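**Q**
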Amino acid sequence: MEEKVSTKGKVKSIIANLVIVEVDGPVSQNEICYIKLQETDLMAEVIKVSGNTAYVQVFESTRSLSINTEVEFTAHMLEVTLGPGLLSKNYDGLQNDLNTMEGIFLKKGEYTKALDESKKWDFKPLVKEHDQVEAGSWLGEVDENHQPHRIMVPFKMQGTYKVKSIKGEGAYTVKDTIAVISDTEGNEFPITMTQTWPVKVPIRVYNNKPRPYRLLETGVRTIDTLNPITEGGTGFIPGPFGSGKTVLQHALSKQAEADIVIVAACGERANEVVELFTEFPELDDPRTGRKLMERTTIIANTSNMPVAAREASVYTAMTLAEYYRQMGLKVLLLADSTSRWAQALREMSNRMEELPGPDAYPMDLTAIIASFYARAGYVYLNNDKTGSITFIGTVSPAGGNLKEPVTEATKKAARCFYALSQQRADSKRYPAIDPIDSYSKYLEYDEVKEYMNENIDEKWTDNIETVKDILIRGREASEQIDILGDDGVPIDYHIAYWKSEIIDFVILQQDAFDDIDASTPIDRQKYMLHKILTICHTNFEFESFEDTAEYFKRIINELKQMNYSEFESDKFKNHEEQLEKIIEERKVD
Amino acid sequence: METQAFQKIYTRITSITKATCSLKAAGVGYEELAVINGKLAQVVKVIGDEVTLQVFGGTEGIPTDAEVVFYGKPPSLKVSDELSGRFFNSFGLPIDDGPEVEGEEREIGGPTVNPVRRQQPSELIATGIAGIDLNNTLVSGQKIPFFADPDQPYNQVMAMVALRAKADKIILGGMGLTNDDYLFFKNVFDQAGALDRIVSFVNSTEDPPVERLLVPDMALTAAEYFAVDKNQDVLVLLTDMTLYADALAIVSNRMDQIPSKDSMPGSLYSDLARIYEKAVQFPEGGSITIVAVTTLSGGDITHSIPDNTGYITEGQLFLRKDTDIGKVIVDPFRSLSRLKQLVIGKKTREDHPSVMNTAVRLFADASNAKTKLENGFDLTDYDERSLEFAKEYSRKLLAIDVNIDIDEMLDTGWKLFNKFFTKAEAGIKENLVEKYWPEEEGLEQKKSGKEKEEPTEA
Ligand SMILES: Nc1ncnc2c1ncn2[C@@H]1O[C@H](COP(=O)(O)OP(=O)(O)OP(=O)(O)O)[C@@H](O)[C@H]1O
Ligand SMILES: [Mg+2]
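Line order of the protein sequences matches chains A and B. Note that my numbering has the first sequence beginning at 1413, numbered continuously upward. Note that my numbering has the second sequence beginning at 45, numbered continuously upward.
1. So, is the C-beta of Y1976 (chain A) closer than 8 Å to a C-beta in chain B?
2. Please state the DSSP three-state secondary structure of N1867 (chain A).
3. For A78 (chain B), is the beta carbon positioned less than 7 Å from some heavy atom of ligand 3?
4. For a contact meaning CB atoms closer than 7 Å, what does R161 (chain B) contact in chain A?
5. Should T424 (chain B) be flagged as near chain A, meaning a C-beta pair shorter than 8 Å?
6. Between P1768 (chain A) and chain B, is any beta-carbon pair separated by less than 8 Å?
7. My output table needs one value for P327 (chain B): the three-state DSSP class, helix, strand or coil.
8. If you draw a straight line from the alpha carbon of E328 (chain B) to that of Q163 (chain B), how long is it in whole angstroms?
9. Spatial neighbours of E1529 (chain A) within its chain, please: CB distance less than 7 Å, with the 5 preceding and 5 following residues excluded, ordered by chain position.
10. Distance check for L1896 (chain A) and F1964 (chain A), CA to CA, integer angstroms please.
11. Does the contact criterion of 3 or more C-beta pairs under 8 Å hold for the region 213-220 of chain B versus the region 231-250 of chain B?
12. What's the C-alpha gap between K1576 (chain A) and F1648 (chain A)?
13. For the alpha helix (DSSP H) that N199 (chain B) lies in, which residues bound it at each end?
14. If contact is defined by three or more beta carbon pairs under 8 Å, each pair taking one atom from either stretch, is the region 1661-1676 of chain A in contact with the region 1848-1860 of chain A?
15. Give me, in chain order, the residues of the same chain whose beta-carbon lies closer than 6 Å to that of P1614 (chain A); leave out the 5 immediate sequence neighbours on both sides.
16. Would A1682 (chain A) count as contacting chain B if we go by Cβ distances under 8 Å?
17. According to a CB-to-CB cut-off of less than 8 Å, which residues of the region 393-410 of chain B neighbour chain A?
18. Just to confirm my understanding: we take E46 (chain B), look at its own chain, exclude 5 residues before and 5 after, and list those with CB closer than 7 Å. What are they?
19. Run the proximity test for T1658 (chain A): is its beta-carbon closer than 7 Å to any non-hydrogen atom belonging to ligand 2?
20. Could you tell me the boundaries of the alpha helix (DSSP H) in which G354 (chain B) lies?
21. Could you tell me whether the region 370-386 of chain B touches the region 177-189 of chain B, using the rule of 3 or more Cβ pairs below 8 Å?
22. So which of A:D1858, A:F1692, A:A1821 and A:F1471 has the shortest CA-CA distance to E1522 (chain A)?
23. What is the DSSP secondary structure of G486 (chain B), counted as helix, strand or coil?
24. Can you tell which of A:S1440, A:K1815 and A:N1639 has the C-alpha that lies nearest to the C-alpha of T1873 (chain A)?
25. Can you check whether the CB of L221 (chain B) is closer than 8 Å to the CB of T286 (chain B)?
26. Any idea what DSSP makes of M1413 (chain A), helix, strand or coil?
27. Mind checking the region 371-382 of chain B against chain A and listing, in chain order, the residues whose C-beta falls within less than 8 Å of any C-beta there?
28. Between the beta-carbon of I1884 (chain A) and the beta-carbon of F1954 (chain A), is there less than 8 Å?
29. With 16 as the cutoff for other CB atoms within 10 Å, does N447 (chain B) come out buried or exposed?
30. Give the residues from the region 1807-1830 of chain A that approach chain B closer than 8 Å (Cβ to any Cβ), ordered along the chain.
31. Could you give the distance in angstroms between the alpha-carbon of R1836 (chain A) and the alpha-carbon of D1846 (chain A)?
32. Just the C-alpha distance for F1803 (chain A) and A1466 (chain A), rounded to the nearest angstrom, thanks.
33. Would you kindly check if the distance between the Cβ of N1429 (chain A) and the Cβ of S1500 (chain A) is under 8 Å?
34. Is the shortest distance between the beta-carbon of T1604 (chain A) and the beta-carbons of chain B less than 8 Å?
35. So that I know if they touch, is there some Cβ in chain E lying closer than 8 Å to that of D93 (chain B)?
36. Please determine whether the Cβ atom of Q1922 (chain A) lies at a distance below 7 Å from any heavy atom of ligand 1.
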C-alpha cells in the first residue's frame, strides 16, 4: 500500500458523540480518525462528508472535548485483526481485548491489542513452493483450541500468486512471516498469520453460496422439531422484554451443533455477559467434551458502553464469523439485540438531523438490516470445501408490538421467525416461542425436506405438519370452549385441546435450567415425537369432559418425568411403562 | 460556589428557550458546568463558537445580558465517609443545615465497569416479602424497578425492602419527591435507627424538574465510593424514574431533537441504561444494587418509559391490589427477577424453583377459572379448587404484609398444593414430591377415598 500524507482536521462542533470536523485533505466515508483530547486519543468514524467538513461518530464519551481540538485521520476504515487467538477472547465492539485492560473501570481512549503477539503457534504448511494461490487460499494451519485454524492468503490481495517460499513445521508468532508469495510481475509479499479486514465490507472470497439445506441441530425442541433452522440459515427472535430472548440465545450458544460460536452482546445487560464469562469456561461442549469457551468468542458491547461502538459491534462479530467460515468451519453467530444496533443508528441519524423514517429510525434501516443478514449463509469455498454462518438475532420491539420498523425490516431479511409471546411467557410456558405464529421458511425448501427425511426419519416433515395441525386444532377447540363453555361443546373438543396441550407441555416447553431437559438431541426428539403422535392418534373414551383434564394431566406428567430423566435410563423406562398403563385405561379401537 | 481567577465570564446570551440558553464562547469543554445568573447549567451542544447550555433551574428571568461563568469541569461530588446520614439537593449541596462535606472531588456520571471485571451476582437479598423472596428473588448487584400506579404504596414497600435488606449503605435518589414522601423516608429511616447508613439526594416537587437529571448520577457516584473504596454493599433507591425521563424529554424537546415514541428522546434507552448499569457486584466484595420506581399511567407498560426500563433492568416488580383478599400483592404474572436463577435452589432449598413455578402455574389456572366465571360458565371441580387455592396463596404468600423466611414460604407452598391438588395436578419432579409432599391428609387422600384407585407414582 502506498504511503499517503495523512489528513488532519480540527473539531468544529460537538453534539453528544457526533463531532463535526473541518479537514485539510481527503477523507473517505467510514474512515477512522483519532481526536487528540489532551493525553487520550478518542477513536471516531466518518459517517458523512460534505465539502471540507467530516461528520464523525466518536466511539467514546466526548466529555471535556472542546472546539479546535486536533484530529488525525488514518486512511483506513474500521478494521478487525484476524488470526489465531481470537477464540476464547472477550472483546468490546471495536475488538479491544477486555481482559488485558487495566483497572476495574474502562478508561476513555484505552485500546488494547486483539491478539497475543508473543504466543507461539504450531504451524503446519498446507502448500508447497510454486503452488498457485489466491485470496483466501489455505497456506497452512495451526491448532487453535483443537480447531484447525487455517492461515490464509489475505482477503485483500487480488489476483493470483505463486508461493515463493513457505515455512516448514514449527512454532511461530502471529507476526512471523510464514510464507512469501509473488504476483505475475514478480513482486513479493511476505505473509504472516494475521491480516486485517474492514468490518463493514463482506468477505466474499468463495465460489458460490447455494441455498442452505442441512439441519442445524440446536437441542431446542420447539426449534428443531417444529421450525428448524439450517446450517447457514438466518433467523430472528422478536419478543417483549422478559419473554426469554436471551435465555434462548444462551441455550443455542451452548448446545447448537457448531464448530465456532460468536456471541455479540449488543447494547444489552453486562450481567448477562458476565454469565457467559462465568459459565462458559466451566461448561462442557456436549459434542467434544472440551470447555465451551474454547470454541467461543464474545463481543461485549453492553448498554452502558458508547453507542457508536455498539453499532460497530455487530459488524465486528460478523467479520470474525466470516473469517472462520473461510476455514471451512460451521459458525453460529448470535446477536442480542439487533434493536439496540438499530437504535444506535437512530441516535446518530437524529443528531445529524436527517429526514427520519418511521419511529424516527433512519430511512434506509430496511436496507441496512437486509445487507447484514445477507452476510450469513452456506458457502462453497474456492477449494470446494464448505463453510457456513448461521445467524440468529434477537429483536426487542418497542412496547412488544411486532408492527414496528426493526421487526418488520428483519422479517423481510431473516428466514426463520421465532416469535416470543407475552402470554406464554406470563404463564411460564418457556421457551415462549409461539408455535403457530412462528415459521421456518426452510421447511418449504425441497432440499431441506429431503435432508431431514433422509437423516432423521422418512416421515419427519409429514410429522411436523401433523404436529402443527394438532396445535391449530387445539387452539381452535380451546377458543370454542372459551366461548361456549366446558359443557357447551362436544367432548371431542376437550380431547383435541388436551392433545395439543401434550405437545405444548412435552415438546414445546423445555426447562433451560434443568441439566437434562435443557438440551434434547435429535434422536431423542424423534423418539418423543413418535410417542406423542401415537397418543394423539389414539382414540380415548370419556363419559364427561371433567375426566379429560385429569386424565391428560396424568399423561403429561409421565411424559414430563420422561423429559427430566436420562434418555433410556431405568427411570425413563419406568415412566414410560406407567404411561402405557394410563393410555390403556381409556384407549378404544 | 465562588468564582475563581481562571474562570471565563461572558455576558451576551444569543438565545433562550425554557430549558436552554445559547451564547458565543471559546475554549469550552463538552458537558462542562457553568453558572448563569446564579443558576447551574451544563454544556449540551457546541456548534462552532456557539455554546448551548442546559439550565437546571429553568430559564425564568434570565436576561440576555446575564453573567455566564464557566467552571472548566463537569459536575462533581465530594466523596468521603462524611456523606453518611446526610441529605443533599440535586447538586450535592446539603439541605439538612449540616456543614459542607469535605472529601475527594469526583466527576459524576463517570466511566463504566469493564464487564470482565464484574463478578456474577450470587448473594441473595432477603426481604421477608414472599411475593419477592419466593417468586422474584433479589440478588445483590441487581437492578430492578417497581412498576406501580401512582396510587400504590411503592415508596412504603421500597423503604421496607431497603431496611430489611441488610445493606451497609442505603442511598436515596429522590426525583420529584413530594415533601410528604421525603418526610416519610426520613422518618422510617430515623425510626429504624438507620439514619447513619443513609445518604439522600433529593429533588422535590418544589424544585425545578430539570435539576433532577443530576440526581441518579449523584447518588451513584456516592454509591461507587462506598462500594469500590470501602467494599460495602450499597443499595440505591431511585424514585421516581418516570419523572427523571420526563425531564430528559423536556430538555431534548427544547433542543429540537426529533422525538421517538411517546415524545421521548430517541436516546432514552441509552440514557436509562447508563444509570441502571451502574448496578454491579465487584470482585473485591462491594456491590451496588438498584431498586427503582417507575410509575405507570393507567397500568400501561407499553409506554416508552416502562418499556425501555423493562429492557434494561433485571426484571420488574408489579404491585397490584388483589380485590379477592383486599390487599396489595406482588403480581406473580407480570413480576420477574431475572437473577433469581443464580440463587434459588442454590442458596435456598432445592425445591424452591419447583414450588415457585408450580404455584404460579396453578395461580394462572385460577385466573382462567375466574374468566370462565365472569363469562357465566359453570366451573369444574378443578376450577373451584384452583380458585380456593388462589385466595390462600394470595393471602399467605403474595401479600406485601407477609414477613416470613424462605423455608417457611416453601413449606406453605407445599401445604397449599396438598390441600387443593393431587400430585399429578401439581406435576412436580418426582424426587422432590417424595421428599417434600406433606404427610398430612390432603386432597389426594380425600379423592382416593371416594373414587377409583389413584395410580401411584413409581
Ligand atoms: N427456557 C426457559 N426456562 C425457564 N425460564 C426461562 C426460560 N426462558 C426465559 N425464562 C425466564 O424468563 C426470564 C427472562 O428471560 P430473558 O432474559 O431471556 O428475556 P429477554 O427476552 O432477553 O428480555 P430482555 O428483552 O429484557 O432482554 C429469565 O430470567 C427466566 O427467569
Ligand atoms: Mg435479553
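We put the CB at the ideal spot given by N, CA and C, even for glycine. The structure displayed is predicted, hence computed values, not measured ones.
**A** So, from the data block:
1. To locate residue 1976 (chain A), count along the first sequence from 1; it is residue 564. At least one chain B Cβ lies under 8 Å of Y1976 (chain A).
2. The residue labelled residue 1867 (chain A) in the question sits at position 455 within the first sequence. Residue state for N1867 (chain A) is assigned as helix, using DSSP reduced to three classes.
3. As far as ligands go, the structure on display features ligand 1 and ligand 2 and does not contain ligand 3.
4. Within the second sequence, residue 161 (chain B) is the residue found at index 117, counting from 1. The answer, in chain order, is I1516.
5. Within the second sequence, residue 424 (chain B) is the residue found at index 380, counting from 1. Cβ-Cβ to chain A under 8 Å: yes for T424 (chain B).
6. Locating residue 1768 (chain A) in the first sequence gives position 356, counting from the first residue. True, the Cβ-Cβ gap to chain B drops below 8 Å.
7. Along the second sequence, one-based indexing puts residue 327 (chain B) at 283. DSSP, read as helix, strand or coil, puts P327 (chain B) in coil.
8. Position 284 of the second sequence, counted from the start, is the residue given in the question as residue 328 (chain B). Position 119 of the second sequence, counted from the start, is the residue given in the question as residue 163 (chain B). Here the C-alpha atom of E328 (chain B) lies approximately 9 Å from the C-alpha atom of Q163 (chain B).
9. Looking up residue 1529 (chain A) in the first sequence gives position 117. Once the five neighbours on either side are set aside, the close Cβ partners of E1529 (chain A) are T1585, V1586 and K1587.
10. Within the first sequence, the letter at position 552 stands for residue 1964 (chain A). Within the first sequence, the letter at position 484 stands for residue 1896 (chain A). About 21 Å.
11. Short answer: they touch.
12. The residue you call residue 1576 (chain A) lines up with position 164 of the first sequence. The residue you call residue 1648 (chain A) lines up with position 236 of the first sequence. Using only the alpha carbons, I get a separation of about 46 Å.
13. As a first step, residue 199 (chain B) must be located in the second sequence, where it is residue number 155. Unbroken alpha helix (DSSP H) run through N199 (chain B): Y198 to R208.
14. Not touching, per the Cβ criterion.
15. Against the first sequence, residue 1614 (chain A) aligns to sequence position 202. So the list reads R1787, once near-sequence residues are dropped.
16. Reading the first sequence from its first residue, position 270 is the one you call residue 1682 (chain A). It does: the Cβ of A1682 (chain A) has a partner Cβ on chain B nearer than 8 Å.
17. Going along the region 393-410 of chain B in chain order, one finds P397, N401, V404, R405 and A408 with a Cβ nearer than 8 Å to chain A.
18. Taking the second sequence and counting its residues from 1, the one referred to as residue 46 (chain B) is at position 2. Any reading at E46 (chain B) must be qualified, since the residue scores a pLDDT of 45, below 50, and its modelled position is unreliable; no value is offered.
19. On the first sequence, position 246 is the one that residue 1658 (chain A) refers to. Yes - ligand 2 has a heavy atom lying nearer than 7 Å to the Cβ of T1658 (chain A).
20. Along the second sequence, read from residue 1 onward, the residue named residue 354 (chain B) stands at position 310. Note, G354 (chain B): alpha helix (DSSP H), S348 to I356.
21. Yes, the region 370-386 of chain B touches the region 177-189 of chain B.
22. Within the first sequence, numbered from 1, the residue matching residue 1522 (chain A) stands at position 110. The candidate whose alpha carbon is nearest that of E1522 (chain A) is A:F1471.
23. Numbered from 1 along the second sequence, position 442 holds the residue referred to as residue 486 (chain B). In the structure shown, G486 (chain B) sits in coil (DSSP, three-state: anything other than H, G, I, E or B).
24. Working through the first sequence from its first residue, we reach residue 1873 (chain A) at position 461. Minimum Cα distance to T1873 (chain A) is reached at A:N1639.
25. Here residue 286 (chain B) corresponds to residue number 242 of the second sequence, with the count starting at 1. Here residue 221 (chain B) corresponds to residue number 177 of the second sequence, with the count starting at 1. The beta carbons of T286 (chain B) and L221 (chain B) sit no closer together than 8 Å.
26. In the first sequence, residue 1413 (chain A) corresponds to position 1, counting from 1. Residue placement at M1413 (chain A) is flagged as unreliable, the pLDDT there being 43, under the threshold of 50; a coordinate-derived value is accordingly withheld.
27. Under the 8 Å Cβ criterion, the region 371-382 of chain B contributes F377, R378, L380 and R382.
28. Here residue 1884 (chain A) is taken as the residue at index 472 of the first sequence, counted from 1. Here residue 1954 (chain A) is taken as the residue at index 542 of the first sequence, counted from 1. Pairing I1884 (chain A) with F1954 (chain A) gives a Cβ-Cβ distance that is not under 8 Å.
29. On the second sequence, residue 447 (chain B) is found 403 positions in, with the first residue counted as 1. Looking at its Cβ environment, which holds fewer than 16 other Cβ atoms inside 10 Å, N447 (chain B) is exposed.
30. Contact annotation: in the region 1807-1830 of chain A, residues whose CB is within less than 8 Å of a CB in chain B are S1808, A1810, G1811, G1812 and N1813.
31. Along the first sequence, read from residue 1 onward, the residue named residue 1836 (chain A) stands at position 424. Along the first sequence, read from residue 1 onward, the residue named residue 1846 (chain A) stands at position 434. C-alpha separation (whole angstroms): 8 Å.
32. The residue labelled residue 1803 (chain A) in the question sits at position 391 within the first sequence. The residue labelled residue 1466 (chain A) in the question sits at position 54 within the first sequence. Per the coordinates, the alpha-carbon of F1803 (chain A) lies some 34 Å from the alpha-carbon of A1466 (chain A).
33. By one-based count along the first sequence, residue 1500 (chain A) stands at place 88. By one-based count along the first sequence, residue 1429 (chain A) stands at place 17. Cβ atoms of S1500 (chain A) and N1429 (chain A): not closer than 8 Å.
34. Taking the first residue of the first sequence as position 1, residue 1604 (chain A) is located at position 192. Not one chain B Cβ lies under 8 Å of T1604 (chain A).
35. In the displayed structure, chain E is absent; the protein chains listed are A and B.
36. Translated into the one-based positions of the first sequence, residue 1922 (chain A) becomes position 510. Yes, since a heavy atom of ligand 1 falls inside the 7 Å radius drawn around the Cβ of Q1922 (chain A).
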